[in-house]
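Visitor: The following block contains the structure, expressed as structure tokens.
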Amino acid sequence: MSETKHSNARRDFLRKGLGIIPVVAVAGGGLVSNIAQAESPTPLNKYRPTFFSEAEWAFVMAACDLLIPEDRYGAGAITACVPEFIDKQMDTPYGRGELWYMKGPFHPDAAPEFGYQLKLAPRDVYRLGIAGCDKWCQQQYKKTFAELDKEAQTSVLKQLESGKIELADVPSKTFFSFLLANTKEGYFADPQYGGNRHLAGWKMIGFPGARADFMDWVEHSDRPYPLGPVSISGERG
């Protein structure tokens with residue numbers, strides 16, 4: 258595959274997450290809680306998760322690294338501190354399911370057009386999903402997910418996505434969908450929420466961020482935006 262095709266394929270994958278940018282990058286409400294707006298980001302190697310256990314954190318780190326890997330075309334999820342974003346979201350109204358109607362009745366087998374129908378908040382989906390996946394990996398490989406090589410990890414994620422792995426307490430497709438969506442959100446959210454460190458996600462796709470005015474460039478999709486992104490806090494990429 259040529260460098261141009263490789264770069265375009267990676268950009269196309271990441272651009273699929275752009276539909277969520279108005280929620281996570283600008284509004285500060287809805288899915289992403291208004292957390293830690295004045296906090297300085299913590300280097301990922303010094304960050305200590307407040308929700309995930311050590312074993313859960315190892316899973317999240319390994320999975321995020323696979324979903325958005327680092328290469329010469331741009332930073333990956335680990336460099337962009339996406340796991341930190343996900344961990345912080347678990348202790349917000351979103352993570353606790355406080356933004357949803359959660360009193361039932363619950364219909365896990367309802368058609369997709371009826372929306373989310375489980376009694377599990379996002380933090381429960383992660384806790385049960387990671388435990389279930391690690392248990393499955395132990396049965397199949399005698400190792401946890403984080404201990405597997407990249408090829409085996411990729412196979413496990415694909416099986417979660419397709420629903421081929423049966424987890425005891427949460428549908429594997431649901432678990433994977435949360436993991437993938439939150440990984441994209443962490444890559445594209447404003448850095449104040451913990452992810453998108455140094456505006457890596459925005460620089461990757463040429464998103465201008467919170468600039469007051471970039472109308473002169475909206476008709477020039479054939480050319481890279483030349484000024485770089487700006488975060489809500491004023492950080493420039």
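Using our numbering, read the sequence shown as starting at 258 and increasing by one per residue. Idealized CB from N, CA, C, for every residue including glycine. Keep in mind the model is a prediction, meaning the values are calculated, not measured.
Considering only their Cβ atoms, is the gap separating residue 450 from residue 342 smaller than 8 Å?
Guide: Yes, these two residues count as a Cβ contact at 8 Å.
Visitor: Tell me the DSSP bridge mates of residue 468?
Guide: In the DSSP output, where bridge partners are listed per residue, residue 468 has none listed.
Visitor: With a threshold of 6 Å on Cβ separation, who are the neighbours of residue 352 within its own chain once the five nearest residues in sequence on each side are excluded?
Guide: The answer, listed in chain order, is 346, 379 and 380.
Visitor: Since residue 433 and residue 424 should fall inside the 8 Å C-beta cutoff, what is the C-beta to C-beta distance between them, to a whole number of angstroms?
Guide: 10 Å between Cβ atoms; not a contact.
Visitor: For residue 328, which residues from the same chain have a beta carbon less than 6 Å from its beta carbon, with the 5 sequence-adjacent residues on both sides left out?
Guide: None.
Visitor: Does the Cβ-Cβ distance between residue 413 and residue 389 come in under 8 Å?
Guide: No, the pair does not count as a contact, with Cβ atoms beyond the cut-off.
Visitor: In angstroms with no decimal places, state the Cα-to-Cα distance between residue 335 and residue 304.
Guide: Near 12 Å, if we compare the C-alpha coordinates of residue 304 and residue 335.
Visitor: Is the beta carbon of residue 339 less than 8 Å from the beta carbon of residue 411?
Guide: Against a cut-off of 8 Å, the Cβ pair of residue 411 and residue 339 comes out as no contact.
Visitor: Quick check: what's the CA-CA separation for residue 422 versus residue 416?
Guide: Cα-Cα distance, rounded: 6 Å.
Visitor: Quick one: what does DSSP say residue 353 is sitting in, helix, strand or coil?
Guide: The answer is coil: DSSP assigns residue 353 none of H, G, I, E or B.
Visitor: Reducing DSSP to helix, strand and coil, say where residue 348 ends up.
Guide: Residue state, collapsed to three classes: coil.
Visitor: Could you give the distance in angstroms between the alpha-carbon of residue 337 and the alpha-carbon of residue 398?
Guide: Distance between the alpha carbons of residue 337 and residue 398: 30 Å.
Visitor: Between the C-alpha atoms of residue 444 and residue 460, what's the straight-line distance to the nearest angstrom?
Guide: About 11 Å.
Visitor: Go to residue 458, then tell me how far its alpha helix (DSSP H) extends in each direction, as first and last residue.
Guide: 457–462 is the span of the alpha helix (DSSP H), which, as asked, contains residue 458.
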